Amino acid sequence: MLTGGVWLAKALAGYRQADAAYTAWARDAVEMATPGQEGTQQMRVDWDTLLRTNPDVRMWLHGEDGISYPVVQGNNNSYYLRHLLDGTYNIAGSIFLDYRCAGDLSDRHTVIYGHNMKDGTMLSPMAQYADQAYYNAYPTVSLATPDGQYTVELFAAYEQYVGGGYDMALDFSGDEAFLQYVEQAKAQSDFSSGVPVHADDHIVTFVLCTDEGLETTRYFVVGKLTQ
Numbered sequence: 342m343l344t345g346g347v348w349l350a351k352a353l354a355g356y357r358q359a360d361a362a363y364t365a366w367a368r369d370a371v372e373m374a375t376p377g378q379e380g381t382q383q384m385r386v387d388w389d390t391l392l393r394t395n396p397d398v399r400m401w402l403h404g405e406d407g408i409s410y411p412v413v414q415g416n417n418n419s420y421y422l423r424h425l426l427d428g429t430y431n432i433a434g435s436i437f438l439d440y441r442c443a444g445d446l447s448d449r450h451t452v453i454y455g456h457n458m459k460d461g462t463m464l465s466p467m468a469q470y471a472d473q474a475y476y477n478a479y480p481t482v483s484l485a486t487p488d489g490q491y492t493v494e495l496f497a498a499y500e501q502y503v504g505g506g507y508d509m510a511l512d513f514s515g516d517e518a519f520l521q522y523v524e525q526a527k528a529q530s531d532f533s534s535g536v537p538v539h540a541d542d543h544i545v546t547f548v549l550c551t552d553e554g555l556e557t558t559r560y561f562v563v564g565k566l567t568q
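The sequence shown begins at 342 in my numbering and counts up by one.
Pasting the structure below:
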């Protein structure tokens, strides 16, 4: 019990450290401007400040549900699982882009990973897309890169067994395989969206742990990228 208590205390301290750090980076580097014509807020990101902190920064993720984080990219999919934006080791890690993806969102399929933290930080709000009402309230998220701002129109969210490891499909053999992936995601989705996805569209998949914390399952939230 003593050992468990020490581990919990360290974990909570790590959560607080990560939350304080990311809150500070958001405060110093991101400004939410006046909503545009369609009512969506525009991000003004100080890329110079972020890139001085870490040149691995590729974009900024913002959701009206409280998500606001930099997205980094390493040379593998393990380093940023346990390191903050400034390289500090921390259990909360960072939100990060699959190392195989283009950092400018030019790929047909972009994959972004993040923890489902028990304190409600990182990508944990996305687990609530299991509820149709939550999707109705927050049907989009935003991604800003140094080259522009994008909206991700979410169209599916589902839990899936992945076994001891998995490799997300980034390249498809053709349009048919791409659209099959989209339709399979929609078919098992926890919410209904009505968002159309065509062969020439680009999609983004967010990957997070399940509430149960099982290593064999993940929760996937998928959307269409628009500008």
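Built from N, CA and C at the ideal position, the CB exists for glycine as well.
Small disclaimer: the values here were computed from a predicted structure and weren't measured.
For this session: Going by CA-CA distance only, name the one from ASN431, ALA498, ALA485 that's closest to ALA468.
Result: Mapped onto the sequence shown, residue 468 falls at position 127. Nearest of ASN431, ALA498, ALA485 to ALA468, Cα basis: ALA498.
For this session: Starting from ALA373, follow its DSSP beta bridges and name the residues at the other end.
Result: Position 32 of the sequence shown, counted from the start, is the residue given in the question as residue 373. What sits at residue 373 in the sequence shown is Met, not Ala. Paired residue(s): MET384.
Problem set entry | Contact between the region 394-410 and the region 473-493 (3+ Cβ pairs under 8 Å) | Yes, they touch.
Problem set entry | DSSP three-state assignment for LYS565, whether helix, strand or coil | Counting from 1 along the sequence shown, the entry for residue 565 is found at position 224. In this structure, LYS565 counts as strand in the three-state DSSP scheme.
Exercise. Under three-state DSSP, which class holds TYR363?
Worked result: Indexing the sequence shown from 1 puts residue 363 at position 22. TYR363: helix per DSSP, three-state reduction.
Problem set entry | Contained alpha helix (DSSP H) runs [length at least 4] in the region 443-495, N- to C-terminal order | Complete alpha helix (DSSP H) runs here, min 4: 473-478.
Exercise. With distances taken from CA atoms, which of ILE544, GLN358, LEU520, VAL562 is nearest ARG449?
Worked result: For the purposes of this step, residue 449 is taken as residue 108 along the sequence shown, with counting starting at 1. The option with the nearest alpha carbon to ARG449 is ILE544.
Exercise. Under the three-state reduction of DSSP, which class applies to GLN525: helix, strand or coil?
Worked result: Numbered from its first residue, the sequence shown carries residue 525 at position 184. The DSSP-derived three-state label of GLN525 is helix.
For this session: Kindly indicate which residue of GLU500, SER514, LEU549 has the alpha-carbon position closest to the one of ALA526.
Result: Sequence index remark: in the sequence shown, residue 526 carries index 185 (1-based). The shortest Cα separation from ALA526 among GLU500, SER514, LEU549 belongs to GLU500.
Exercise. From this set, PHE547, VAL548, GLU524, TYR491, which residue's C-alpha is nearest PRO537's C-alpha?
Worked result: Position 196 of the sequence shown, counting from 1, holds the residue named residue 537. Distance from the Cα of PRO537 is smallest, within the candidate group PHE547, VAL548, GLU524, TYR491, for GLU524.
Exercise. When you compare each of SER419, GLY407, THR462, PRO411 to ASP397 by their alpha carbons, which one comes out closest?
Worked result: Translated into positions along the sequence shown, residue 397 becomes position 56. Distance check between ASP397 and each of SER419, GLY407, THR462, PRO411 places PRO411 closest, using alpha-carbon atoms only.
Exercise. Candidates TYR560, MET373, GLN568: which alpha carbon is nearest ILE453's?
Worked result: As a first step, residue 453 is located in the sequence shown; it is residue number 112 there, counting from the start. The candidate whose alpha carbon is nearest that of ILE453 is TYR560.
Problem set entry | Opening and closing residue of the beta strand (DSSP E) in which ARG399 lies | As a working mapping, residue 399 is identified with position 58 in the sequence shown. 398-403 is the extent of the beta strand (DSSP E) around ARG399.
Exercise. Smallest Cα separation from GLN358: which of THR558, PRO487, ASP460, PHE513?
Worked result: Here residue 358 is taken as the residue at index 17 of the sequence shown, counted from 1. Selected option, being the one with the closest Cα: ASP460.
Exercise. With distances taken between CB atoms, is the gap from LEU549 to GLY444 smaller than 8 Å?
Worked result: What you label residue 549 is simply residue 208 of the sequence shown in a count that begins at 1. What you label residue 444 is simply residue 103 of the sequence shown in a count that begins at 1. It is not a contact, given that the beta carbons lie outside the stated cut-off.
For this session: Pick helix, strand or coil for LEU438, following the three-state DSSP scheme.
Result: Numbered from its first residue, the sequence shown carries residue 438 at position 97. It is a strand residue.
Problem set entry | Closest residue to HIS539 among ALA510, ASP369, GLN383, THR567 (Cα-Cα distance) | Position 198 of the sequence shown, counted from the start, is the residue given in the question as residue 539. Taking only the C-alpha atoms, the option nearest HIS539 is THR567.
Problem set entry | Neighbourhood of GLN529 by C-beta, 6 Å cutoff - its chain only, sequence neighbours within 5 removed | Residue mapping note: residue 529 aligns to position 188 of the sequence shown, counting from 1. If you ignore the 5 residues before and after GLN529, its C-beta comes within less than 6 Å of the C-beta of TYR499, all in its own chain and listed in chain order.
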